[in-house]
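Visitor: Under the numbering used here, residues 4 to 695 are what the sequence shown spells out, in order.
Here it is, the structure, as structure tokens.
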Amino acid sequence: MGNHLLKAFKSKRQAPAYSAVEIGHWILPPWFIRQVNPLNSSYQWNNSFANLSCRNWTGFCNEWGEQIITVDGDGIFSFVRSGVSLEIWVNDGAYLYTPGKYLRTEQKATPEFPCVETESRFDNGFYKSRVFPIESFRNRIFGLEFEVGANGADPFNNFLFFLVIRPYDHNGLSAIRKLEFKNRRMRVNNYELFYLDSEPEAVFCTDAREGDVTDYFKLEIARSSVTSWKGSCTALLGYSIRPADRTIIRLYHKPDSFTMFVKQEIDFSKNRFFDSKQLWISRYNYQHRMIKTDSEIDSIFHANLNYLKMFNGPRSNSTDIYQLLALNRFAFYRQSRSYLLKTLKKVRWDGSIGSGYLPPEKLIYALTDYYQFSKDFKIIEENWQILKRIGLWLIQNISALAVETKPRDLINLGWICASLRALSLLNEDKGELEDSRFFQTHFQKLKARMLEFFTRVFKENARDGFRKVGSISDNIDNLSLSYPLRLYEQRERFVNKWLNLIIEDYTYEGGVISPLEFGGVDLILTARLGLILLREGLNHDPVFRFFRDKVSSTGTWPDRIHPVNGNGIGAAGHSPDVGCHFLLFLRDLMVMEEREVLYLLPGVFTSALWREPQIELQCIPTLFGEISLKCESIGKVTQIKFNPSFRQKPRQIRLILDSRDRLIYADSKVRRAGNCLELENDFKIARIRRDL
């Protein structure tokens, strides 16, 4: 897997003309030192100069949702487009500290704002850095701030602080054939990498093959530019800082542009971080109040809400249906609507859609989901003929999908089936009852066809059925008929057989292993499995615990991890898709809809992870309208106060309880069926006692 991954990245970048053998005298990055140590669990046999076993970082993206800057756990910044890294070195007069050699490095994400703060400590002090987006200009730019502090009497001593630009990032070596620093601008291969708000006191550019930037400490000469036909240029920008002065070094990166910063863009305020943070809070603080648990889950929730918004900006080209489902469930309606309109414009005359966008069946489902949460009927009316055209195209293409021979066709059929049901509901809301019955008839036929197939292949031997469907990823994708599509009732027999087989043979400590497709645990498949288990009323604790234990200090996960040491081993050291699935998982733990029934806290009382829950939900969207809820536990008694703002009342409200729980008070009629409490839709308060 590692070599294949490395080749994929090398094909996307300009390669240097030198080899990894020529870098033996460099100060090496900490991830490389870890993975060439045979005693380390991240050891790699081939010693390739690329990060193959410690792929964990936090990414920041442009308006299109593409990662532009990453920062790893050692505080190393990488500029993704150019393949250049920026390291922070500090000399306290006695020792030169570089990433991986600081006494301790800690990272955290700012809860209200997409910002990562890193603090690295050394004997006589520490340095802090932060990276954050700046939204006030036409194009998103990024700010980096650095500050040095000291211990004891040392604040009045001078420390040497260095920004070091190096010709590699996590994916290996990259070609820097020309470096130039002029007018506080650093240019890499004629591309303006960043702008500094203060002039450095030392500038040293050199050819890395001839001694790297450490030669500066012997020569102490200035060199503002360098060229190397082999692509091994590197640079050091140095400042002499007295911590008592509280000097902050500010750096600004403008992606997607070869042009320099214009004058109005470089007139930065010293309070740029504070201004950007306040702007973000004023726009999105509403979503941050939706779920509060008084636990470490809150910081993970806030961080991933920030990432969800950042990676789904107005120009984002995301084609993942789960991203749109998450946007709708956390009231990011403007972002969801923008993408849906963009995709509707790409629908052809026959109802098909070109590649690079949501396929027609998922577009219909996502649009209906958006409408059900936002009640924005205008988007339906304005695009009604397009939706009917898509529906007819889907019906015409059902017969071309071979259920018996192609597992991928099964997945498509599930989404087509759900989209036909959605079209039937939309026609009913619009008053076109004949068209509603037309789509409902085709929905029922396709649903029966799929049910017959799955029931037959899983009837006698679940493993034969699993192999019939395909790989582990194909199987979990097909289980989308349970969640999010909800095509069948909960606890369908063949679905339970299917899930039990996956849990028994393909999970490790809650994570989904796919040994034939790659090495390690796939976190997206793991999250989808958790969502399905929750909907089916099965034990989802191992999956939720897995995500809670494997999250980074900045609230991120890679796409794939090593099952033992937990390090990232996939293509993405920070996967926004995994964070999106976690948000869906957490939201459904708190509130879930099933047809005309509203479930409150469906994943809380039956879980061993929520002892004496202290949960507050504020104005969280549901299919029935916004709801608020407060769950307080004192000893053995838990009180639930419910305050809905229904626009359409559910037929019933349900609480899923543990076998040890019993109701001691409710202000509405109650019926208990097994572990389920069925309440009237005018319910406001209930008290539950747990017998230990």
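Glycine included, C-beta positions come from ideal geometry on N, C-alpha and C.
Just to confirm my understanding: we take Asp323, look at its own chain, exclude 5 residues before and 5 after, and list those with CB closer than 8 Å. What are they?
Guide: The answer, listed in chain order, is Asp580 and Cys583.
Visitor: Determine, using beta carbons only, whether Gly523 and Pro566 come nearer to each other than 8 Å.
Guide: In this structure, Pro566 lies closer than 8 Å to Gly523 by Cβ.
Visitor: To test your reading of the DSSP string, which unbroken alpha helix (DSSP H) runs of 4 or more residues are found completely within the region 544-620?
Guide: Those alpha helix (DSSP H) runs which fall completely within the region 544-620 and span 4+ residues are 544-553 and 579-593.
Visitor: The alpha helix (DSSP H) spanning Thr529 covers which residue range?
Guide: From DSSP, the alpha helix (DSSP H) with Thr529 extends over Leu526 to Arg538.
Visitor: On the three-state DSSP scale, how would you describe Val460?
Guide: In the structure shown, Val460 sits in a helix (DSSP, three-state: H, G or I).
Visitor: CA-CA distance, Lys295 and Asp301?
Guide: Approximately 6 Å between the Cα atoms of the pair.
Visitor: Taking DSSP as the reference, what is the three-state secondary structure of Asn646?
Guide: Note: Asn646 maps to strand in three-state DSSP.
Visitor: Between the alpha carbons of Val515 and Ala530, how many angstroms are there, rounded?
Guide: So the two alpha carbons sit approximately 9 Å from each other.
Visitor: Would Gln338 be called buried (16 or more neighbouring beta carbons within 10 Å of its own) or exposed?
Guide: It counts as buried.
Visitor: Less than 8 Å between the C-beta atoms of Leu416 and Leu449, yes or no?
Guide: Yes; because the gap between Cβ atoms is below 8 Å, this pair is in contact.
Visitor: Can you list, in chain order, the stretches of the alpha helix (DSSP H) that have 4 or more residues and sit fully within the region 424-486?
Guide: List check, alpha helix (DSSP H) in window: 436-462, 465-472 and 475-481.
Visitor: In three-state terms, what does DSSP make of Leu682?
Guide: Strand, per DSSP.
Visitor: Go ahead and pull the three-state DSSP assignment for Met4.
Guide: Note that Met4 scores a pLDDT of 49, beneath 50, so its modelled location is shaky and nothing firm can be said.
Visitor: If distances are taken between C-alpha atoms only, which option among Leu604, Asp685, Leu482 and Gly175 comes closest to Ser85?
Guide: It is Gly175.
Visitor: Can you grab the Cα-Cα spacing for the pair Asp477 / Ser422, in whole Å?
Guide: Looking at the two C-alpha atoms, the distance is approximately 20 Å.
Visitor: According to DSSP, what are the bridge partners of Gln70?
Guide: Paired residue(s): Cys64.
Visitor: Between the alpha carbons of Leu308 and Tyr289, how many angstroms are there, rounded?
Guide: Approximately 11 Å between the Cα atoms of the pair.
Visitor: Since Arg384 is in the alpha helix (DSSP H), which residue starts that stretch and which ends it?
Guide: According to the sequence provided, residue 384 is Glu. The question's Arg does not apply to it. Run containing Glu384: Lys381 to Glu385, per the alpha helix (DSSP H) assignment.
Visitor: Indicate the three-state DSSP secondary structure (helix, strand or coil) for His256 in the structure shown.
Guide: In the structure shown, His256 sits in a strand (DSSP, three-state: E or B).
Visitor: Which word fits Asn59, buried or exposed, when buried means at least 16 other C-beta atoms lie within 10 angstroms of its C-beta?
Guide: Per the 10 Å Cβ criterion, buried.
Visitor: Grouping DSSP H, G and I as helix and E and B as strand, with all else coil, what is Phe149?
Guide: Strand at Phe149.
Visitor: Whole angstroms is fine: what's the gap from Met4's alpha carbon to Trp560's?
Guide: Confidence at Met4 is low in this model, with a pLDDT of 49, below 50, so its placement is unreliable and the value that follows should be read with caution. For Met4 and Trp560, the distance between alpha carbons rounds to 19 Å.
Visitor: Check whether the region 221-236 touches the region 15-33, taking contact to mean three or more Cβ pairs, one atom from each stretch, closer than 8 Å.
Guide: Result yes; three or more Cβ-Cβ pairs closer than 8 Å.
Visitor: Go through the region 80-160 residue by residue and report every complete run of the alpha helix (DSSP H) that reaches 4 residues or more, in order.
Guide: If we require 4 residues or more, the region 80-160 turns out to have no alpha helix (DSSP H) run fully inside it.
Visitor: Sort Leu240, Thr73, Ala225 and Phe585 by Cα distance to Lys328 and report the nearest one.
Guide: Reading the sequence as shown, one finds Leu at residue 328 and not Lys. When only C-alpha atoms are compared, the closest one is Phe585.
Visitor: Hey, Cys622 and Met293: beta-carbon distance below 8 Å or not?
Guide: Yes, these two residues count as a Cβ contact at 8 Å.
Visitor: Compare the C-alpha of Arg650 against each of Trp48, Glu629 and Gly576 and name the closest.
Guide: When only C-alpha atoms are compared, the closest one is Glu629.
Visitor: For the alpha helix (DSSP H) containing Leu502, list its first residue and its last residue.
Guide: Taken as a continuous stretch (DSSP letters only), the alpha helix (DSSP H) holding Leu502 covers Arg496 to Tyr509.
Visitor: Relative to the C-alpha of Gln388, which candidate in Asn193, Ile401, Gly354 and Ser377 has its C-alpha closest?
Guide: Here the closest residue by C-alpha is Gly354.
Visitor: Taking one C-beta from the region 119-134 and one from the region 153-167 each time, how about it: are there three or more such pairs within less than 8 Å?
Guide: Taking 8 Å as the limit for Cβ pairs, the verdict is that the region 153-167 does touch the region 119-134.
Visitor: Exposed or buried, what is Tyr98 when buried is set at 16 or more other beta-carbons lying within 10 Å of its beta-carbon?
Guide: Looking at its Cβ environment, which holds fewer than 16 other Cβ atoms inside 10 Å, Tyr98 is exposed.
Visitor: Indicate the three-state DSSP secondary structure (helix, strand or coil) for Val640 in the structure shown.
Guide: Correct three-state label for Val640: strand.
Visitor: Sorted by chain position, which residues of the same chain lie with C-beta nearer than 7 Å to Asp544's C-beta, five sequence neighbours on each side aside?
Guide: Result list for Asp544: Ser610, Ala611 and Leu612, in chain order.
Visitor: According to DSSP, is Met313 helix, strand or coil?
Guide: Reduced to three states, the DSSP call for Met313 is helix.
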